[in-house]
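There are 2 protein chains.
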Amino acid sequence: MSYHPQQHRVVIIGGGFGGLMAARSLNKTPTQVTLIDRRNFHLFQPLLYQVATGGLSPANIAAPLRAILKRQRNTTVLMGEVTGFDLERNEVLLADGGRIPFDSLIVAAGSTHHYFGHDDWEKWAPGLKTIEDATEIRRRVLLAFEKAERETDPRQLQRLLTFVVVGGGPTGVEMAGAIAELARHTLRADFRNFNPATARVILVEGQKRVLSAFHESLSAKAKTALEELGVEVWLNCHVTAIEADHVMVTPDGGHGPPKRIDTATVVWAAGVKASPLGKLLADAVGLQTDRMGRIPVNADCTIDNRPDIFVIGDLANCPGPDGQPLPGLAPVAMQQGEYVANLIVRRLRGESPKGPFRYFDKGMMATIGRARAVGESFGIRFSGYLAWLAWLFVHLLYITRFENRVLVLFQWFWNYVTRNRTARLITNDPCVVKA
Amino acid sequence: MSYHPQQHRVVIIGGGFGGLMAARSLNKTPTQVTLIDRRNFHLFQPLLYQVATGGLSPANIAAPLRAILKRQRNTTVLMGEVTGFDLERNEVLLADGGRIPFDSLIVAAGSTHHYFGHDDWEKWAPGLKTIEDATEIRRRVLLAFEKAERETDPRQLQRLLTFVVVGGGPTGVEMAGAIAELARHTLRADFRNFNPATARVILVEGQKRVLSAFHESLSAKAKTALEELGVEVWLNCHVTAIEADHVMVTPDGGHGPPKRIDTATVVWAAGVKASPLGKLLADAVGLQTDRMGRIPVNADCTIDNRPDIFVIGDLANCPGPDGQPLPGLAPVAMQQGEYVANLIVRRLRGESPKGPFRYFDKGMMATIGRARAVGESFGIRFSGYLAWLAWLFVHLLYITRFENRVLVLFQWFWNYVTRNRTARLITNDPCVVKA
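From first to last, the protein sequence lines are chains A and B. Residues in the first sequence are numbered consecutively from 63, following this note's numbering. Residues in the second sequence are numbered consecutively from 63, following this note's numbering.
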């Protein structure tokens, strides 16, 4: 590959953690970068549950991509939907008929909900991936309380005040904790005809512990913390049906007698699969996706036979040191984005790659309620209030990197002191809800 | 009317400025108050244009009604849609079949857009009354710029970069100024294929001056300030057609040759009419609404033959000192709400009313862009930067009365210093826009 500094066109699909980090890492390099995203903003997904429970506004956790990249002169942002690839002409196809030519392509299209063959559940149990998902869940949760204020039938009242979160990973744990706090504290004095503290929040997890990616001792601590907040943690329980007015669960790993939970509000936090773009790309190059729709990548994040095409983040099946695919975490995507950007620049300079991609694992954290968290980092496990402060610090550090997000700190601090949630608006079709 | 302190039930329809003020004024009085609203929040409408242009988030200017009233023990908030009245049984009918009995009824249902017989224009020219209106306008304005980045046809580009605001009242002036600032300052470095400063913002007003409710000298100052921001102010121009891709205007008070403005984004700020609930109530009591759908009220805000029913705010045609109906302004509604609440309490105590409702006019203000405003108060007219500070002060004073809205101050200050607008998210159907 010869060195044409002004000509090497890098196209990046997706402005999430991976794509944005790739774009940022190409700043002041001899490349022309085009970042394509369906949305005009980068979303800090780990805090979506705060939007879904009225603690933060959408704009607190989303930054316009153009604002982030406006001073990066070699970079163009395009808002558009990628519908396919012309890999003979090296072009990305857009829904509006546009064709974007590339010399190097970075595909970082992320993931979406996975209902494991039960796509009909989505209607009653929305997942939490987009701003619209979050405001929809916020609408459903708040509307259940509003309807409860008007309900006179005790059984219907109990149904309205039962919230089910499916999936005990970080998102599910965070959602369940936040709904419990909303009911027990924020809304405490808001209603006249029922006591919001009587609301049940049930977290259903198929495995024998929550946060199964963490050490067992932290799973136990998280469970205790959830229970102290009033969350019922149902472990080893399989969801077998989700309908308008109830959820069916079989305990004991699917072997127990089925249980019915009457509920009006279900949140899906049980699984994700790769963006459909993964399949499109795999078909175009003749590769097979794995069962989660991810594309297998080489050690340098390229795909077979196409050293000019990189797949990173949730869309990539990238083996870790233990041979297992790396998890779909923001730090993985970001490190891959940086790695790939550096690799492209080294190639342009005629330098050989620095070696395969290696994930540097700084640890993981999950928060439970307003002042507790669990985490592990370099073999050290921590929990409780200090873990929550660490969680806050790490997240704010990230958020403030891109734009001044000092408002988020401020709003958090305020919520923390007052237990208030000022963003609890019911928007879009306020009066439309399932029966 | 005998004195039954625990029994006098006051039902208030609408949690806007008038209804909320009535509810607050009934705190610690011997009444049982039920406030009914379709939404779960009170909205500070004067700042909606800031949401529509990405300067503030919806939650910054909306406060949950329950949060505002949670410590007011004699008050219940119901989220519900009023669909009619049973005035023989003294009940308000809700969409869910509920019936809410009242001893006194305060109807403060507000107003909606008025297209003067051209309801088909709404599709292409949304008004600015609700949170959803504001986020929809924000979506259209921002999407026009996004599409411009991909447009190669110069004529289409110019169309995408032409924004028309219909109506030169405070809302229209504020919208036009904010769009011009967005184009000239906030988005300055955001695009690579066109210069956002080339955007045209056209404010079309049917009368011979903007802000016709203000003194002529302030109208002139406002026009100059708008023009300095880059807004074209078209006075004495009548809009005769609004289509997907253009607006037709006849200048010279409707006598000039028609002009066509090619545009992709039109905002309607030309008129409001009373909520349809006004007609329902008028029919129920056998009254006629005026041409704006308002109900004529007596000097004490009651309606004929029903001293127990009060109509206040935008829904009321309440004569002012000059015999003309009082304008649809927040202070009018708030003072009426307070007056009516006091009147009900005086009746319960067996006291005679203090006299008819009198509007105490403290003045009016409108803001133009980020640091200019015009205002008049007690015969004193002011404009420029100090007027803007006054405008900011008055609005913040109001907002902070209900809940801690210190975030709004903070965000404003930040926007002011940085000319940034962090809430410029395109949400809901991001890729759907008219051709």
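The beta carbon of each residue, even a glycine, is placed where N, CA and C say it ideally should be.
Proximal residues to residue i (C-beta, below 6 Å), its chain only, five neighbours per side dropped
i	result
Gly-431 of chain B	Gly-239, Glu-243 and Leu-291
Val-113 of chain B	Pro-120 and Ala-196
Ser-166 of chain A	Val-72, Asp-370 and Ile-406
Gly-80 of chain B	Ala-170, Ile-374, Gly-375, Ala-395, Gln-398 and Gly-399
Arg-128 of chain A	Val-139
Arg-201 of chain B	Ile-488
Phe-253 of chain A	Glu-211
Ile-74 of chain A	Gly-81, Ala-84, Ala-85, Leu-97 and Ile-168
Opening and closing residue of the alpha helix (DSSP H) in which residue i lies
i	result
Gly-375 of chain B	Run containing Gly-375 of chain B: none; DSSP gives neither H nor E here.
Phe-207 of chain A	193-212
Ile-241 of chain B	232-243
Thr-302 of chain B	Here Thr-302 of chain B belongs to no alpha helix (DSSP H); instead the beta strand (DSSP E) covers 300-304.
Glu-290 of chain A	278-290
Phe-520 of chain B	Since the first and last residues shown for chain B are 63 and 497, residue 520 of chain B lies out of range.
Met-83 of chain A	79-87
Trp-185 of chain A	According to the sequence displayed, residue 185 of chain A carries Lys and not Trp. Unbroken run through Lys-185 of chain A: none, as it is neither H nor E.
Ala-403 of chain B	392-410
Asp-314 of chain B	313-316
Lys-416 of chain A	Run containing Lys-416 of chain A: none; DSSP gives neither H nor E here.
Ala-114 of chain A	110-114
Chain-ordered chain B contacts of residue i [CB-CB under 9 Å]
i	result
Gly-117 of chain A	Result: empty, since nearest Cβ-Cβ is about 10 Å, beyond 9 Å.
Cutoff 8 Å; reference residue i; Cβ partners in own chain excluding five residues on either side
i	result
Cys-363 of chain A	Phe-372, Val-373, Ile-374, Ala-378, Cys-380, Gln-398, Tyr-401, Val-402, Leu-405 and Phe-419
Asn-466 of chain A	The predicted model places Asn-466 of chain A with a pLDDT of 48, which falls under 50 and marks its position as unreliable; any figure quoted below should be read in that light. Once the five neighbours on either side are set aside, Asn-466 of chain A has no close Cβ partner at all.
Ala-259 of chain B	Ala-245, Arg-246, Arg-250 and Gly-292
Glu-198 of chain B	Pro-188 and Asn-490
Asn-89 of chain B	Gln-134, Asn-136 and Thr-137
His-70 of chain A	Pro-92, Thr-93, Gln-94, Asp-165, Ser-166, Ile-406 and Leu-410
Same chain only: Cβ atoms within 7 Å of residue i, ignoring 5 sequence neighbours per side
i	result
Thr-429 of chain A	Glu-236, Ala-435, Trp-450 and Trp-453
Thr-145 of chain A	Leu-155, Leu-156 and Ala-157
Val-359 of chain B	Ile-365, Val-373, Ala-378, Asn-379 and Cys-380
Pro-126 of chain A	Asn-102 and Phe-103
Chain-ordered neighbours of residue i on chain A, where CB pairs are closer than 7 Å
i	result
Leu-585 of chain B	Here chain B covers residues 63 to 497 and nothing more, so residue 585 of chain B does not appear.
Glu-208 of chain B	Asn-102 and Met-141
Asp-376 of chain B	The premise fails here: Asp-376 of chain B is roughly 20 Å from chain A at the closest Cβ pair, so nothing lies under 7 Å.
Leu-342 of chain B	Result: empty, since nearest Cβ-Cβ is about 17 Å, beyond 7 Å.
Leu-204 of chain B	Asn-102
Contacts of residue i in chain B (Cβ-Cβ under 8 Å)
i	result
Ile-193 of chain A	Leu-487 and Thr-489
Ala-282 of chain A	Near Ala-282 of chain A there are no residues of chain B at all, since even the closest Cβ is about 36 Å away, more than 8 Å.
Arg-128 of chain A	Leu-249, Asp-252 and Phe-253
Leu-155 of chain A	The premise fails here: Leu-155 of chain A is roughly 14 Å from chain B at the closest Cβ pair, so nothing lies under 8 Å.
Within chain A, the residues that residue i reaches when beta carbons sit closer than 9 Å
i	result
Arg-90 of chain B	Reading off the sequence, residue 90 of chain B comes out as Lys, not Arg. Chain A residues near Lys-90 of chain B: none, gap ~16 Å exceeds 9 Å.
Residue environment, residue i, which counts as buried when at least 16 other CB atoms sit within 10 Å
i	result
Pro-383 of chain B	exposed
Tyr-447 of chain A	exposed
Arg-151 of chain B	exposed
Ser-64 of chain B	Note that Ser-64 of chain B scores 41 on pLDDT, short of 50, meaning its location in the model is unreliable and no value can be drawn from it.
Asn-122 of chain A	buried
Asn-102 of chain A	buried
Phe-106 of chain B	buried
Leu-459 of chain A	exposed
Glu-289 of chain B	exposed
Ser-274 of chain B	exposed
Lys-185 of chain A	exposed
Phe-455 of chain A	exposed
Span of the beta strand (DSSP E) around residue i
i	result
Phe-225 of chain B	224-228
Gln-94 of chain B	94-99
Glu-153 of chain A	153-156
Ala-336 of chain A	334-336
Residues that residue i contacts on chain A, provided the C-beta gap is smaller than 8 Å
i	result
Ala-392 of chain B	The premise fails here: Ala-392 of chain B is roughly 20 Å from chain A at the closest Cβ pair, so nothing lies under 8 Å.
Asp-158 of chain B	Arg-212
Pro-124 of chain B	Residue 124 of chain B is actually Ala in this sequence, not Pro. Chain A residues near Ala-124 of chain B: Leu-487.
Interface residues of chain B facing residue i [CB-CB closer than 7 Å]
i	result
Leu-110 of chain A	By Cβ distance, chain B contributes nothing, its closest Cβ being about 13 Å from Leu-110 of chain A, past 7 Å.
Ala-121 of chain A	Ser-119, Thr-484, Ala-485 and Leu-487
Lys-132 of chain A	Ala-251 and Asp-252
Inter-stretch contact (C-beta, 8 Å, three-pair minimum) for the stretch 135-147 of chain B and the stretch 96-116 of chain B: Counting C-beta pairs closer than 8 Å gives three or more between the stretch 135-147 of chain B and the stretch 96-116 of chain B, which meets the contact rule.
Meets three-Cβ-pair contact criterion under 8 Å: the stretch 167-185 of chain A and the stretch 330-338 of chain A: Taking 8 Å as the limit for Cβ pairs, the verdict is that the stretch 330-338 of chain A does touch the stretch 167-185 of chain A.
Three or more beta-carbon pairs under 8 Å between the stretch 259-267 of chain A and the stretch 208-226 of chain A, yes or no? Verdict: yes, contact present.
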